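Notes for the one structure printed next.
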Amino acid sequence: MAQQSPDQQIKPLAPFISSSHFNSQEDQDYASTHRKNIRIRKFIQCCGCATAIAVLLVVIVLVLGFTVYNVKDPQVRMNGATLISGTFANGATDNVTILADISVKNPNAFTFRFENAWTDVYYNGEEIGDGESPPGKAKPRRTIRVNTTMEIMAKKLLAIPNLDTDLKDQALNISSYTRIDGKVKILNIFPRKVVVEMNCTITYNITTGSIKNGDNCLGNVDI
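In the UniProt record's numbering, the protein residues as written are 1 to 223.
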């Protein structure tokens, strides 16, 4: 058999290099990047949902604030006044106690809570007595009635000049100032302070002891 030339001798094959190592590393990098992208998308979606909910809540609060939960002025009215004790007839110098029937109407959609109401009584611009009514609350769109006891000091009244003229006419025009401090809570969260002021005029008949108040009341509400 003829011998093979050196050029014809079989050359050894090049060593086999597996690419599985590189493919595995690329797969890991791709999986890691994919997971990060998923987390980022979920985070963006959560932020978007939270922002949308917050905006919706703000819109609801604003709508309710300007419609249903808009604070309206409570209405205060003196329904009548009754003589409880005392008289100025026949030169008597006893103090006079008057019971005033006051109603508080709450037109709002939430409860109006108020503290003790204070009343000052005047004659010809001079203070001659005072009164107080207990605290309470007016439920939404309801009216409550509050009794205020006012005491007129005889000594203060008799010390006022020109009183004799009105005594001869058997009638005294007495004015009163009432202040009610209260508050309301919008959505049971946002407190609002409310101050109700009322000025009334009543006519006290010395002979009969009757009291006429009519509709001589002016109110003012500060919110």
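Heads up, the beta-carbon is just placed ideally off N, CA and C, and yes, glycines get one too. None of the values given here were measured: they were computed from a predicted structure.
A109 (DSSP reduced to helix, strand or coil)
coil
For V55, count the other beta carbons within 10 Å of its own beta carbon; 16 or more makes it buried, fewer makes it exposed. Which is it?
exposed
Per DSSP, what kind of secondary structure is T165 in: helix, strand or coil?
helix
Backbone CA spacing between N162 and V76 [nearest angstrom]
32 Å
Within its chain, find whatever has a CB closer than 8 Å to the CB of H21; leave out the 5 residues flanking it on each side and keep chain order.
Low confidence applies to H21: its pLDDT is 49, below 50, so where it sits in the model is not reliable, and the reading given next is rough at best. If we look at H21 and ignore the five residues flanking it on each side, it has no Cβ neighbours.
Beta bridge counterpart(s) of G80 as assigned by DSSP
In the DSSP assignment, G80 forms a beta bridge with D101.
Anticipated Cβ contact below 8 Å, E127 with W118, distance rounded:
Going by Cβ atoms, the distance from E127 to W118 rounds to 12 Å, so no, they are not a contact pair.
Residue from Y122, I180, I189, K193 with nearest C-alpha to Y204
Y122
Between which two residues does the alpha helix (DSSP H) containing K155 stretch?
154–158
Can you tell me whether C49 is buried or exposed, with buried defined as 16 or more other CB within 10 angstroms of its CB?
exposed
Do N95 and I152 have their beta-carbon atoms positioned less than 8 Å apart in this structure?
yes
Under the three-state reduction of DSSP, which class applies to I53: helix, strand or coil?
helix
Assigned secondary structure, F22 (DSSP; H/G/I helix, E/B strand, else coil):
Note that F22 has pLDDT 49, beneath the 50 cutoff, so the model's placement of it is unreliable and the number below is only indicative. If DSSP states are grouped into helix, strand and coil, F22 belongs with the helices.
Indicate whether I186 and F110 have their beta-carbon atoms separated by less than 8 Å.
In contact: I186 and F110 (Cβ atoms closer than 8 Å).
Would N147 be called buried (16 or more neighbouring beta carbons within 10 Å of its own) or exposed?
exposed
Taking the continuous beta strand (DSSP E) assigned at S133, which residues delimit it?
Run containing S133: 126–133, per the beta strand (DSSP E) assignment.
Ends of the beta strand (DSSP E) at D120?
117–123
Residue 230 versus I202 - alpha carbon distance:
No statement about residue 230 is possible, as the shown extent of the chain runs from 1 to 223 and does not include it.
Bridge partners - residue 231, DSSP secondary structure assignment
Since the first residue of the chain shown is 1 and the last is 223, residue 231 is not available in this structure.
Taking the DSSP output, what are the residues bridged to K212?
T203
C-beta contact flag for D130 and M150 at 8 Å
yes
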